[in-house]
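Per this note's numbering, the sequence shown starts with residue 425, numbered consecutively.
Note that CB positions come from ideal geometry on N, CA and C, so glycine has one too.
Some notes on the structure that comes next.
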Amino acid sequence: MDSIAPDDIVIGVDTHKNNHVAFACDGLGRRRDDLEVRATTEGYTAMLAWAENLGRVRAFGVEGTGSYGMGLARFLRRHSHQVIE
């Protein structure tokens, strides 16, 4: 990944069976916002819109891309976002 600018956004996602919790920070590591969504396509869409509304999203760090986070990781990649486990 290229260097991150101070106003870039990085999203970390804690995945669970029914809900995912996302945390947004800027390029300096400052907290910007958080969001909880259902682990469904509608929830993924809401999370993506929320994240993109915060600024330029550089990457999503998703826990458990081989289990509970798999659907979200695939969704984000289909929408051209970098996903890091």
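DSSP places T489 in the coil class of the three-state scheme, outside both helix and strand. If you look at T439, you'll find it in the beta strand (DSSP E) that goes 433–439.
Taking 9 Å as the cut-off, the beta carbon of V434 is found no closer than this to the beta carbon of V445.
Closest in alpha carbon position to A483, among R454, T439, E509, is E509. Spanning the alpha carbons of A497 and R455 requires a straight line of approximately 22 Å.
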